[in-house]
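**Q** My questions will all concern the structure given below.
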Amino acid sequence: MSTVVASDLDRTLIYSAPALGLAMPDAEAPRLLCVETYERKPLSYMTETAAGLLAELAGSTTFVPTTTRTREQYRRIHLPGPAPEFAICANGGQLLVRGESDRDWQRTVAERLASHCAPLEEIRTHLVRTADPAWLLKERTAEDLFAYLVVERPLLPDTWVKDLAGWAGERGWTVSLQGRKLYAVPRPLTKSAAVAEVARRTGASVVLAAGDSLLDADLLLAADRGWRPGHGELADTGWHAPHVTALDERGVAAGEEITRAFLHAAGAPGHGRSPAPDRSGADGSAVDASAAGG
325 MSTVVASDLD
335 RTLIYSAPAL
345 GLAMPDAEAP
355 RLLCVETYER
365 KPLSYMTETA
375 AGLLAELAGS
385 TTFVPTTTRT
395 REQYRRIHLP
405 GPAPEFAICA
415 NGGQLLVRGE
425 SDRDWQRTVA
435 ERLASHCAPL
445 EEIRTHLVRT
455 ADPAWLLKER
465 TAEDLFAYLV
475 VERPLLPDTW
485 VKDLAGWAGE
495 RGWTVSLQGR
505 KLYAVPRPLT
515 KSAAVAEVAR
525 RTGASVVLAA
535 GDSLLDADLL
545 LAADRGWRPG
555 HGELADTGWH
565 APHVTALDER
575 GVAAGEEITR
585 AFLHAAGAPG
595 HGRSPAPDRS
605 GADGSAVDAS
615 AAGG
């Protein structure tokens, strides 16, 4: 059985120091492995146990890091095990094959966005014009594909986010608030579409997935089996689907449990569901993730 394992990275497999969630006494804390540095300082970690499990997983399946990070941000990460043949960045906008961007996939994405969404500059202009300097810290675009704001979340009005989601939805875009970052992403720009392309190229019969945010919901819905940690947007909103396991573990302990679940499922064919039905539209975009919410 050929298996693709597609996993979100931040707060799913890897964790910054504030996100580790080490609730146990210091003497009982797990040993940690640093897997990312930024400006010559350690930034992201996994437990050593998770690192060993991931190395084993990457050696026996097609392991696909699947992230909203840009290519530059992704390349700071050094995961254990063999270098992945495929990686997905920019929420599905970039498909890396042996470290290089796939031109055919770039063209496919560009055509879908041009056909179904308002231009990025229109969205960015609206974000900047309507944001309040009292809570806006930064505004950025990523890979010329989507936009995001860094905000002082306690000062961010809920009504602003709701109004933005309605405005963006009429233009083919979705809005997701993750920590201090508010993302505006074209609806056809999905992790699930890029993972489906990897599955097609590898001939995989099973897709396993994990993620913690609303931007991971389409990935989880399209997978044969999925896992979400006990923290994050999906947990906070009570999101669920019949084939997605909601873990109790939070923080870096959840990352370890996810790698263990991946390895167990990939090595036990009898535990898989039958292939998932096609949940994407004609443009490759996923069905509204809220359909499976609870």
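The sequence shown begins at 325 in our numbering and counts up by one.
We put the beta carbon where it would ideally sit given N, CA and C, even for glycine.
1. Considering only C-alpha positions, which residue in the set Val421, Pro443 and Val329 is nearest to serine 384?
2. CA-CA distance, alanine 585 and arginine 549?
3. Do you know offhand how far arginine 495's Cα is from proline 354's?
4. Among the residues of its own chain, which have a CB less than 6 Å from the CB of alanine 489, if the five just before and after it don't count?
5. Taking the alpha carbon of alanine 534 as the reference point, which residue from Arg511, Thr569 and Arg400 has its own alpha carbon closest?
6. When the Cα atoms are used, what is the spatial distance from glutamate 467 to serine 516?
7. Tell me, which residues are paired with phenylalanine 410 by DSSP?
8. What number of angstroms, rounded off, separates the C-alpha of leucine 538 from the C-alpha of threonine 371?
9. Assign glycine 550 to one of three DSSP states: helix, strand, or coil.
10. At the level of alpha carbons, what is the spacing between valine 531 and proline 443?
11. By the DSSP assignment, the alpha helix (DSSP H) with threonine 373 in it spans what residues?
12. Suppose the cutoff is 7 Å on Cβ atoms and the five residues either side in sequence are ignored; what does the same chain contact list for leucine 501 look like?
13. Beta strand (DSSP E) containing leucine 532: first to last residue?
14. Examine the Cβ distances between the stretch 372-379 and the stretch 392-401 and report whether three or more of them are shorter than 8 Å.
15. Can you tell me whether tryptophan 497 is helix, strand or coil according to DSSP?
16. Where does threonine 390 land, buried or exposed, given buried means 16+ other C-beta within 10 angstroms?
17. Mind checking aspartate 334: buried by the 16 CB within 10 Å criterion, or exposed?
18. Under 8 Å: do the stretch 518-530 and the stretch 436-451 share three or more Cβ pairs, one atom per stretch?
19. Using C-beta distances below 6 Å, list every residue in its chain close to glutamate 581, excluding the 5 sequence neighbours before and after it, in chain order.
20. Write down the C-beta distance between tryptophan 497 and proline 510 rounded to the nearest angstrom, noting that I regard them as a contact closer than 8 Å.
21. Taking all protein chains shown into account, do 16 or more other C-beta atoms lie within 10 angstroms of the C-beta of glycine 362, making it buried, or fewer, making it exposed?
22. Specify whether the stretch 399-418 and the stretch 462-478 touch according to this definition: at least 3 beta carbon pairs, one from each stretch, less than 8 Å apart.
23. With a floor of 3 residues, list each beta strand (DSSP E) that falls wholly inside the stretch 436-516, ordered by position along the chain.
24. Work out the CA separation of alanine 565 and methionine 348 for me, nearest whole Å.
25. On the three-state DSSP scale, how would you describe alanine 353?
26. Taking alanine 578 as part of the alpha helix (DSSP H), name the residues at either end of that continuous run.
27. What is the DSSP secondary structure of threonine 394, reduced to helix, strand or coil?
**A** Put simply:
1. Considering only alpha carbons, the answer is Val329.
2. Taking the straight line joining both Cα atoms gives about 10 Å.
3. One Cα belongs to arginine 495, the other to proline 354, and the distance between them is close to 46 Å.
4. Scanning its chain for C-beta atoms nearer than 6 Å, with the 5 sequence neighbours on each side dropped, one finds around alanine 489 the residues Val499, in chain order.
5. Cα-wise, what sits closest to alanine 534 is Thr569.
6. Between glutamate 467 and serine 516, the C-alpha separation is close to 18 Å.
7. The partner list for phenylalanine 410 (beta bridge, DSSP) reads Val421.
8. Straight-line Cα distance between these residues: approximately 25 Å.
9. In this structure, glycine 550 counts as strand in the three-state DSSP scheme.
10. Going by C-alpha positions, valine 531 is about 32 Å away from proline 443.
11. 372-384 is the span of the alpha helix (DSSP H), which, as asked, contains threonine 373.
12. Val485, listed in sequence order.
13. Where leucine 532 is concerned, the enclosing beta strand (DSSP E) starts and stops at 530-534.
14. Contact fails: fewer than three Cβ-Cβ distances are below 8 Å.
15. DSSP places tryptophan 497 in the strand class (E or B) of the three-state scheme.
16. By the neighbour-count criterion, in which 16 or more other beta carbons inside 10 Å mark a residue as buried, threonine 390 falls on the buried side.
17. Here aspartate 334 is buried: its Cβ has 16 or more other Cβ atoms, across all protein chains shown, within 10 Å.
18. Cβ pair count under 8 Å is below three, so no.
19. Taken in chain order, the residues that qualify are Leu571 and Glu573.
20. Their Cβ separation, rounded to whole angstroms, is 6 Å, which keeps tryptophan 497 and proline 510 in contact under 8 Å.
21. Glycine is not the amino acid found at residue 362; the sequence shown has tyrosine there. If you draw a 10 Å sphere on the C-beta of tyrosine 362, you find fewer than 16 other C-beta atoms in it, and that means exposed.
22. Judged by Cβ distances under 8 Å, the stretch 399-418 makes contact with the stretch 462-478, as three or more pairs qualify.
23. You should have 460-466, 470-475, 497-502 and 505-510.
24. Answer to the nearest angstrom: the Cα atoms are 30 Å apart.
25. The DSSP-derived three-state label of alanine 353 is coil.
26. It spans 576-590 - the alpha helix (DSSP H) in which alanine 578 sits, taken as one unbroken run.
27. Residue state, collapsed to three classes: coil.
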